[in-house]
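Colleague:
Numbering (the working numbering), first residue to last: 64 to 330.
Written out as structure tokens, the structure reads:
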């Protein structure tokens, strides 16, 4: 019995996304889809909103630069990541939403394409990301997702790295969604888990993502996971299994980071 495949292929054998042009539903994973409605347009921003989008990123960027100068950064597990960079090849950062605040600063100048929600809050994040020497691809699983995913895959195939929060923008926290798997499947580039924690830090316990904010004058551990390559053709069962593999790897990388923090505290 033949198995249903996730994705399709053109005459060259390369993976591609399926598309239903009748209702603009595009499949991005087994049983999941993104609805795109071209007729929906957001309301024009007010002057106050425009001022906020212009002013806040300037404050955030300069505050993070000053904040970061007080840290002692400790990188662990980055040998495979460094080898990929030396080869000049692209990769996909898998970053939990709990780490979105300082990830642009910790990866400044990488010229990575960061997937950011197509919202007004996303506009502020876009400006922060760009000021730290990276790029933005707008869209999420709820809005503009397929366009963003295609642009992400295109950039990866050109050798440009990408960064995706697989549990964003709304959660549930620490649960991998399909987009990052599809990006790796279509581009042939590996997923590299990325996580940071501070020896002393604030954790937003009431926030859905339990956001991490390392305190000034602390040690910050930055942990890299091993690269995860995703085959270009997968059945629905294989796709789900691959998602579980990425889920486990990202959780293990976070736990590795936290374990290193605990060892530093004991010393």
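Beta carbons are placed, not taken as given, at the ideal position from N, Cα and C, and that holds for glycine.
CA-CA distance, residue 138 and residue 169?
Modeller: 11 Å
Colleague: Suppose contacts are defined by Cβ-Cβ distances below 8 Å. Is residue 173 in contact with residue 196 by that definition?
Modeller: yes
Colleague: Alpha carbon to alpha carbon, how far is residue 102 from residue 321?
Modeller: No answer about residue 102 holds up, because its pLDDT of 43 lies below 50 and its placement is not dependable.
Colleague: Are the region 110 to 120 and the region 257 to 268 touching by the rule of at least three beta carbon pairs closer than 8 Å?
Modeller: no
Colleague: Would the beta-carbon of residue 319 fall within 8 Å of that of residue 286?
Modeller: yes
Colleague: By a C-beta neighbour count over all protein chains shown, 10 Å radius and 16 as the cutoff for buried, is residue 114 buried or exposed?
Modeller: Residue 114 is exposed by the Cβ-count criterion.
Colleague: Quick one, which of 217, 279 and 111 has its alpha-carbon nearest residue 251's?
Modeller: 217
Colleague: Sort 213, 258 and 293 by Cα distance to residue 276 and report the nearest one.
Modeller: Proximity to residue 276 across 213, 258 and 293 peaks at 258, based on C-alpha coordinates.
Colleague: Between residue 155 and residue 304, how many whole angstroms is the CB-CB distance? I'm expecting something under 8 Å.
Modeller: No, residue 155 and residue 304 are not in contact; Cβ-Cβ is about 18 Å, not under 8 Å.
Colleague: From the DSSP output, read off the bridge partner residues of residue 180.
Modeller: Looking at the DSSP assignment, residue 180 forms no beta bridge with any residue, so it has no partner.
Colleague: Return helix, strand or coil for residue 195, following the three-state DSSP convention.
Modeller: coil
Colleague: Rounded C-beta distance between residue 306 and residue 244? I'm assuming under 8 Å.
Modeller: Contact between residue 306 and residue 244 is confirmed by a C-beta separation of about 5 Å, below the 8 Å threshold.
Colleague: Given a threshold of 16 other Cβ atoms within 10 Å of its Cβ, counted over all protein chains shown, does residue 144 qualify as buried or as exposed?
Modeller: Residue 144 is buried by the Cβ-count criterion.
Colleague: Tell me the DSSP secondary structure of residue 274 in three-state form.
Modeller: coil
Colleague: From residue 109 to residue 296, what does the alpha carbon distance come to, in whole angstroms?
Modeller: 46 Å
Colleague: Could you work out which residue in 136, 112 and 111 is closest to residue 278 when comparing CA atoms only?
Modeller: 136
Colleague: In three-state terms, what does DSSP make of residue 264?
Modeller: strand
Colleague: Kindly provide the ranges of any beta strand (DSSP E) runs that are 3 or more residues long and lie completely inside the region 144 to 183, ordered along the chain.
Modeller: 155 to 158 and 176 to 179
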